[in-house]
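Enquirer: Protein chains in written order, with the numbering used here: chain A, -19 to 418; chain B, 2 to 374.
All C-beta atoms in this analysis are idealised placements derived from N, C-alpha and C, irrespective of residue type, glycine included.
Below you will find the structure I want to go over with you.
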Amino acid sequence: MAEYTIVGNSIAANSAAARIVSLDPGARVTLISDEPEPYYSRCALMYYAMDHCCERDIYIADKVHYERLHAEVVHDRVVGVDTENHELALESGDKRDYEKLLLAVGASPRRMGIEGEDAEGVYDFTTLEHARKVRADAERCERAAVVGGGLIGSEVAEVFHKLGLHCDYFVKESTFFPAFCSADQSRIILRRFGECHINVHMSRTLDRVQAEDGGRITAATDTEGDRHEMELLVRAIGVTPRTEFLEGSGVDVDRGILVDDTMRTSAPDVWAAGDCAEVRFPGRESSVIQKLWYTAQPMGWIAGAQMAGADDRYEETITYLSAMFMDLDFAGYGEMPAPWNGLQEISLTAANDVDSARIVHDGEKVVGITFLGTALTKEDCEHLVLEEMPVETACDTVRALYEAKMHDRAPKARIARRRRLSRRPPFWPFGRKKTWRV
Amino acid sequence: MPLSRWPKVPILVILLLTTAVYLYVTPATHPYWWAPIIALAVLMLALRQWSAMPFVAMALLVAGFYVSKQFGPWEFLGMSVTFWYAVLYTIAVVGMGVRFLRLYWGRDRYMVIRTFFNMFAQVVIGFALAFWLPWEWGGGAEDSPGNGVFFMYYWPLEENALVIGEYGGYTAVIKTFLIWNVIAALVIMPVLVYFYGKRPYCAWLCGCGCLAETLGDPFRRLTPRSRLSRRVEPVIYPFVAAAVGFTAWVLLAPDSFSEQVFATQKWYGIIVKFFFASFLGVGLYTLMGARIWCRYFCPWAGLFGIVAKFGRYAIRTRGELCIACGMCNTYCEMGIDIRGFALRGEPVKTPTCVGCGMCIEKCPRRVLSFTME
Ligand SMILES: Cc1cc2nc3c(=O)[nH]c(=O)nc-3n(C[C@H](O)[C@H](O)[C@H](O)COP(=O)(O)OP(=O)(O)OC[C@H]3O[C@@H](n4cnc5c(N)ncnc54)[C@H](O)[C@@H]3O)c2cc1C
Ligand code: SF4
Ligand code: SF4
């Protein structure tokens, strides 16, 4: 019977709470979150923003969720941690004692650091509140833009496309998602964006944002000096672990909150898990920050176990990543190094010019593999990577996969209709029109 | 309370119920039989319940057909009201089936094949076989064109299927129907359900299912999926008991042709088949999604749901890939909490799943797949 305090109310926090309660049925858990909503799926924000589901559909917590976790949710922001006195400082001015503390605070969006960035109509896209704003604004806009060539950026571009907006998409790199995609895959993805009338501007970011008198964004200039008109801009240039409130608290912070494989931080009775944690495996020099739903879950699980007294350890598993670029499935397994430290790649493309694979190897053995379109199952890929298959075997496996699908036609892009505000009927009698959309 | 926050659904259901009863007790030959329909429409307009208008229209269409069938059996171009109802039904299935095919063509083979089969089943079994094929051996087609026999409705959804001959004698078509039902409903279906779940019937063959999968597709997201809606699912079992009990009664009663049997049959027809299956079943499409009848009332679904629960059909979930986005729940027309199963890593095995495959199609991470355990 102990008290547990968890900062955060997302996947890492809730999976830790679930583990704590399963190990210590008398536990009392407090979740402190600066978001007023109950536990929801961050990955579903794009579906909410493009109206493929309603708000209640992305909530994972139902009415009895917190009851089951013996948890109380406090809506407040933690602004300081006093590890000596075991005390949290909250934004509302309150102080709060803790017995055992888990920091599952996630990551906050990066800023571009350019002129005019604070104009109205420039949003991030990491919380439900952001998604609500984007969705509401998209209703009355015709031109939107996204900056950032990552997963969130491409999701937002898809949102704008599905909502029927004109979309400019700025990507700093010269090929799309270079850490994960081969040149061929990048070309195929870009072609798909093109088919859906998303104007992708490669090798460009934004330089300056122009706002009208009221403070609302009207246009932006890119690094090549071209001016693009826009009424809505989403900034998705990556996220950084949220650590600023830990300054001077005695919790060691480097890029993220430093933890070992028990998720324990340098301060006593403080753990960290999820996007904000930087894991240093004992006996290894480098550390990893994994900013994925898939990794936040086991991290929270391990942290919960450790807090409740069990001795589970976080093991680095093969990185697994899955995404969708428009309607193309994308999956990656194993190492996908951004700088090519001695690794080489082999690119394979199927006859339909959509299915393609990139096999990363160190000359003999496979270390990572990514797929666009048809993919081997996760288990198969794990075998390829874990058992350190010779490259030839891996290539043959993938070629056989593509051979078998040789006569399948490539899936056609599903192109949404461009919306023009003036064409909308001034008065639509059926209130539920939106919910009927497929 | 502002008008927009009124509990619309119960109010509407009560109003429509009243209207339906009025229509039922007022002969359609009465000069002002249409008055309550107009009154209801005006009331809806006055209340600004615009969103309910499609519901009103659909429910009243069904009610109108049913009432006129009972009281003013009209004919048009020599064909009966049942025939024209089937025409409308077939147009809806084929037309909306084409819409569905356009959406999923080239991206989900299961959906495409299933929809083709839906259209085929409705056109051939639900329409041509019932009305066009020359039934040399008498039966419905002879005495009135359009008194069709539908070979896609099996016992106990068609609660008379096993005793139908008791009403009008054993003509050839009735005999065929009876034998077919004994084979299909009592032998083939249990085996299929054991291995494939309710999928072959509910999502492929059944007429209600064909309509729900095509005409009902745009309304999937209106399906109730609260905890309460899941908890009231067992209301289906009284309907199972009623249908099975009725059949047993007719079969076991020494003189099954009593007045009582006829009266019971008539009221079963009004309450279950007209009110729940057609009037609410189709009427509620635009308010609560397409499968209200299938989920809460259908005796076949209730009975074979039990078989499915203990059978081998399931939807496999690879929980480690799930991002909890909830798209599966949003588009499941039976209101199943698929995400809950996926997050726990359990296969989805419920008596309700009809195997439409939409959760599998909508999942952005390919977490779900049909399996046989
Ligand atoms: C649009 C989008 C799409 C994504 N898609 C995918 C995907 O497809 N696949 C995938 O694997 N990952 C995806 N991710 C990443 C994934 O959502 C994160 O990895 C995951 O949410 C991390 O969970 P977490 O619990 O560590 O932190 P978070 O989910 O970031 O939650 C942090 C919690 O801490 C609270 N908090 C933060 N600071 C404070 C404070 N000072 N005081 C009090 N409370 C605080 C917040 O309110 C929040 O509840 C996506 C992310 C976004 C934004
Ligand atoms: S669980 Fe899936 S297959 Fe079953 S009814 Fe729901 S959406 Fe259809
Ligand atoms: S749609 Fe797929 S990823 Fe999303 S909650 Fe359902 S099973 Fe999980």
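Using DSSP's beta-bridge definition, name the partner residues of A/Thr(-15).
Expert: Here residue -15 of chain A corresponds to residue number 5 of the first sequence, with the count starting at 1. In DSSP, A/Thr(-15) forms a bridge with A/Thr10 and A/Leu81.
Enquirer: Contact defined as beta carbons within less than 8 Å: I believe A/Glu325 pairs with A/Arg338. What is the distance between those atoms, to the nearest angstrom?
Expert: Mapped onto the first sequence, residue 325 of chain A falls at position 345. Mapped onto the first sequence, residue 338 of chain A falls at position 358. Indeed they touch by this definition, with Cβ atoms about 5 Å apart.
Enquirer: Can you list, in chain order, the residues of its chain whose CB lies under 7 Å from that of A/Ile178, leaving out five sequence neighbours each side?
Expert: Your numbering for residue 178 of chain A matches position 198 in the first sequence. Contacts found: Ala137, His141, Cys147 and Tyr149.
Enquirer: Going by the DSSP bridge assignment, what does A/Tyr39 pair with across the sheet?
Expert: Translated into positions along the first sequence, residue 39 of chain A becomes position 59. Partner(s): A/Tyr20.
Enquirer: Do the CB positions of B/Arg222 and B/Tyr332 come within less than 8 Å of each other?
Expert: As a first step, residue 222 of chain B is located in the second sequence; it is residue number 221 there, counting from the start. As a first step, residue 332 of chain B is located in the second sequence; it is residue number 331 there, counting from the start. Cβ distance < 8 Å, so B/Arg222 and B/Tyr332 count as in contact.
Enquirer: Residues of chain B with CB under 7 Å from A/Trp425, in chain order?
Expert: Since the first residue of chain A shown is -19 and the last is 418, residue 425 of chain A is not available in this structure.
Enquirer: How would you write the range of the alpha helix (DSSP H) that A/His363 sits in, first residue to last?
Expert: As a first step, residue 363 of chain A is located in the first sequence; it is residue number 383 there, counting from the start. Run containing A/His363: Lys358 to Leu366, per the alpha helix (DSSP H) assignment.
Enquirer: Could you tell me which uninterrupted alpha helix (DSSP H) segments, each at least 4 residues in length, are contained entirely in the region 191 to 253 of chain B, listed from first to last along the chain?
Expert: If we require 4 residues or more, the alpha helix (DSSP H) runs fully inside the region 191 to 253 of chain B come out as 208 to 215, 228 to 232 and 237 to 253.
Enquirer: Return the Cβ separation of A/Gly312 and A/Gly218 in integer angstroms, given the expectation that the two are a contact with Cβ distance under 8 Å.
Expert: Numbered from 1 along the first sequence, position 332 holds the residue referred to as residue 312 of chain A. Numbered from 1 along the first sequence, position 238 holds the residue referred to as residue 218 of chain A. That pair is no contact at about 17 Å.
Enquirer: Let me check understanding here. Comparing Cα to Cα, which of B/Ile165, B/Ala254, B/Cys323 and B/Cys329 lies closest to B/Val183?
Expert: In the second sequence, residue 183 of chain B corresponds to position 182, counting from 1. Looking at the Cα atoms, B/Ile165 is the closest of the given residues.
Enquirer: Would you call the region 196 to 215 of chain B in contact with the region 113 to 128 of chain B, where contact means no fewer than 3 C-beta pairs closer than 8 Å?
Expert: Touching, yes.
Enquirer: Note down, in chain order, every chain B residue with its Cβ under 9 Å from the Cβ of A/Tyr27.
Expert: Within the first sequence, residue 27 of chain A is the residue found at index 47, counting from 1. By Cβ distance, chain B contributes Cys326, Gly327, Met328, Thr331 and Pro365.
Enquirer: Could you tell me which of A/His341, A/Lys385, A/Tyr382 and A/Arg379 sits nearest to A/Val365, measuring between CA atoms?
Expert: Along the first sequence, read from residue 1 onward, the residue named residue 365 of chain A stands at position 385. If we check each option's Cα against that of A/Val365, A/His341 comes out closest.
Enquirer: Quick one: give me the first and last residue of the beta strand (DSSP E) that A/Val59 is part of.
Expert: As a first step, residue 59 of chain A is located in the first sequence; it is residue number 79 there, counting from the start. Run containing A/Val59: Val58 to Asp62, per the beta strand (DSSP E) assignment.
Enquirer: Given this structure, state the Cα-to-Cα distance separating A/Asn(-6) from A/Ala283, to the nearest angstrom.
Expert: Numbered from its first residue, the first sequence carries residue -6 of chain A at position 14. Numbered from its first residue, the first sequence carries residue 283 of chain A at position 303. About 11 Å.
Enquirer: List, in chain order, every chain A residue whose beta-carbon is nearer than 8 Å to that of B/Gly107.
Expert: As a first step, residue 107 of chain B is located in the second sequence; it is residue number 106 there, counting from the start. In chain order: Arg389, Pro391 and Lys392.
Enquirer: Using a C-beta to C-beta distance shorter than 8 Å, which residues of chain B count as neighbours of A/His32?
Expert: Position 52 of the first sequence holds residue 32 of chain A. Chain B residues near A/His32: Met328 and Thr331.
Enquirer: Which term fits B/Arg296, buried or exposed, when burial requires 16 or more other beta carbons within 10 angstroms of its beta carbon?
Expert: Numbered from 1 along the second sequence, position 295 holds the residue referred to as residue 296 of chain B. B/Arg296 should be labelled buried.
Enquirer: Would you mind giving the Cβ-Cβ distance between A/Phe173 and A/Met306, rounded to the nearest angstrom? I have them listed as a contact below 8 Å.
Expert: Numbered from its first residue, the first sequence carries residue 173 of chain A at position 193. Numbered from its first residue, the first sequence carries residue 306 of chain A at position 326. Indeed they touch by this definition, with Cβ atoms about 7 Å apart.
Enquirer: Could you tell me whether the Cβ of A/Ser88 comes closer than 8 Å to any Cβ of chain B?
Expert: By one-based count along the first sequence, residue 88 of chain A stands at place 108. No - not a single Cβ of chain B is within 8 Å of the one on A/Ser88.
Enquirer: Who pairs with B/Glu334 in a beta bridge, going by DSSP?
Expert: Taking the first residue of the second sequence as position 1, residue 334 of chain B is located at position 333. According to DSSP, B/Glu334 bridges with nothing at all.
Enquirer: Tell me which same chain residues have a C-beta within less than 8 Å of the C-beta of B/Pro365, skipping the five on either side of it?
Expert: Along the second sequence, read from residue 1 onward, the residue named residue 365 of chain B stands at position 364. For B/Pro365, where only same-chain residues beyond five positions count, the Cβ hits under 8 Å are Ile324, Cys326 and Met328.
Enquirer: What is the DSSP secondary structure of A/His50, reduced to helix, strand or coil?
Expert: Working through the first sequence from its first residue, we reach residue 50 of chain A at position 70. DSSP places A/His50 in coil when its eight states are reduced to three.
Enquirer: Less than 6 Å between C-beta atoms, sequence neighbours within five positions excluded: which residues of the same chain meet that for A/Tyr103?
Expert: As a first step, residue 103 of chain A must be located in the first sequence, where it is residue number 123. Closer than 6 Å at the Cβ level, and outside the excluded window around A/Tyr103, lie His110, Lys113, Val114 and Val214.
Enquirer: What residues from chain A crowd round B/Arg228, counting only those whose CB sits closer than 9 Å?
Expert: Within the second sequence, residue 228 of chain B is the residue found at index 227, counting from 1. Within 9 Å Cβ-Cβ: Asp42, Lys43 and Val44.
Enquirer: Would you decide whether B/Phe263 is buried or exposed? Buried here means 16 or more other CB atoms lie within 10 Å of its CB.
Expert: Position 262 of the second sequence, counted from the first residue, corresponds to residue 263 of chain B. That one is exposed.
Enquirer: So which of B/Leu163, B/Val355, B/Ile92 and B/Gly341 has the shortest CA-CA distance to B/Val308?
Expert: Residue numbering aside, residue 308 of chain B sits at position 307 when the second sequence is read from its first letter. That would be B/Val355, whose Cα lies nearest to the Cα of B/Val308.
Enquirer: Just list the residues that DSSP pairs A/Val346 with in beta bridges.
Expert: Within the first sequence, numbered from 1, the residue matching residue 346 of chain A stands at position 366. According to DSSP, which records beta bridges pairwise, A/Val346 is partnered with A/His341.
Enquirer: Do A/Tyr294 and A/Asp255 have their C-beta atoms within less than 8 Å of each other?
Expert: For the purposes of this step, residue 294 of chain A is taken as the residue at position 314 of the first sequence. For the purposes of this step, residue 255 of chain A is taken as the residue at position 275 of the first sequence. Taking 8 Å as the Cβ cut-off, A/Tyr294 and A/Asp255 do not qualify as a contacting pair.
Enquirer: Please state whether DSSP places A/Gly353 in a helix, a strand or coil.
Expert: For the purposes of this step, residue 353 of chain A is identified with residue 373 of the first sequence, where counting begins at 1. Coil, per DSSP.
Enquirer: Determine whether the Cβ of A/Met304 lies closer than 8 Å to any Cβ atom of chain B.
Expert: The residue you call residue 304 of chain A lines up with position 324 of the first sequence. So yes, A/Met304 belongs to the interface.
Enquirer: Assuming the contact rule is C-beta atoms closer than 8 Å, A/Val259 and A/Val239 should be a hit. Round their C-beta distance to whole Å, please.
Expert: Along the first sequence, read from residue 1 onward, the residue named residue 259 of chain A stands at position 279. Along the first sequence, read from residue 1 onward, the residue named residue 239 of chain A stands at position 259. Contact holds; Cβ gap of about 6 Å.
Enquirer: For B/Asn330, is the classification buried or exposed, using 16 other Cβ atoms within 10 angstroms of its Cβ as the cut-off for buried?
Expert: Position 329 of the second sequence, counted from the start, is the residue given in the question as residue 330 of chain B. It counts as buried.
Enquirer: Would you list the residues sitting across from A/Cys147 in a DSSP beta bridge?
Expert: Along the first sequence, one-based indexing puts residue 147 of chain A at 167. Beta-bridge pairing links A/Cys147 to A/Ala124 and A/Ile178.
Enquirer: Any chance the CB of B/Arg366 is under 7 Å from a heavy atom of ligand 4?
Expert: Looking at this structure, you won't find ligand 4 anywhere; what it does contain is ligand 1, ligand 2 and ligand 3.
Enquirer: Heavy atom of ligand 3 less than 7 Å from the Cβ of A/Ala355, yes or no?
Expert: In the first sequence, residue 355 of chain A corresponds to position 375, counting from 1. Outside the cutoff, so no.
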